[in-house]
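In our numbering, the protein residues as written are 1037 to 1301.
Report on the following structure.
Okay, here's the thing in structure tokens:
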């Protein structure tokens, strides 16, 4: 049995030395890998553990750690693994960044560029199907007064502006590349009521053909407790109180489903 676990958070480069990241540690992913080894025994052939440097990592001969940096790197590694291997289950617990840095500029640079663009229109009739707001947005995207983010931006730079673009949603490609793999997705919200959390988690399950989705609220996660709900396709769910319970429950559900598929009682 081959398993992929994505764990921890991702970082997105601002410049040569600065990054944007999140607070995910990978503890739950590490516990899940250890549970696979514990519960799966001889059935576990390989666990591909995708994470960034600094993430908590499991210690097992069954685990192959693959380090990445940024959402784009995660996408490449996932795609390669799912294309080159028969994967039985994917636990996509990684907190992948929703945005990555597209370009850097300053308020002064942007204002100068817009002034130049708008000044060129003075005395000319404004012939365009765009609204003024759309025109300005286009100018901003075409701004050629950008800072080189392949180098360290000087700490003397004032009023820095980061232009960001969305990263691809990786969970959607998993079933496309491995339709038979058991997929566990994760949904994290903040300060919402339980029913809303369950509804959003179920929407994620349906949209990405997940077998299970773990829905949790960041306000209910601390060093001692991690309240979460493992949602099934029939909308039933199992509540958990700690990361250890979550890891045990996810692996148990996956192994039970694998046994059903192969007709093992």
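Positions of the beta carbon are idealized from the N, C-alpha and C atoms, including for glycine.
- With distances taken between CA atoms, residue 1258 lies nearest to 1278 out of 1051, 1124 and 1278.
- According to the DSSP assignment, residue 1298 belongs to the alpha helix (DSSP H) that extends over 1279-1298.
- Counted as a single uninterrupted DSSP element, the alpha helix (DSSP H) harbouring residue 1210 occupies residues 1207-1213.
- Comparing alpha carbon positions, the residue from 1134, 1078, 1096 and 1117 closest to residue 1045 is 1134.
- For residue 1241, the closest alpha carbon among the candidates 1268, 1185, 1217 and 1255 is that of 1268.
- Pairing residue 1065 with residue 1043 gives a Cβ-Cβ distance under 7 Å.
- Annotation: residue 1172 to residue 1150 spans about 7 Å, alpha carbon to alpha carbon.
- The alpha-carbon of residue 1232 is positioned some 12 Å away from that of residue 1224.
- Leaving aside the five residues that flank residue 1284 on each side, the residues in its chain whose CB is nearer than 7 Å to its CB run, in chain order, 1071.
- In this structure, the alpha-carbon of residue 1123 lies about 28 Å from that of residue 1234.
- Residue environment analysis places residue 1155 among the exposed positions, since fewer than 16 neighbouring C-beta atoms fall within 10 angstroms of its C-beta.
- Under the three-state reduction of DSSP output, residue 1242 falls in the helix class.
- With respect to the 7 Å criterion, residue 1083 and residue 1099 are classified as neighbours on the basis of their beta carbons.
- With contacts defined as CB atoms closer than 7 Å, residue 1182 and residue 1142 fail to qualify as a contacting pair.
- According to DSSP, residue 1253 shares a beta bridge with 1225.
- Setting aside the 5 residues that flank it on each side, residue 1067 is surrounded in the same chain by 1279, 1280 and 1283, each with a C-beta closer than 7 Å to its C-beta; the list follows chain order.
- Pairing residue 1297 with residue 1206 gives a Cβ-Cβ distance that is not under 7 Å.
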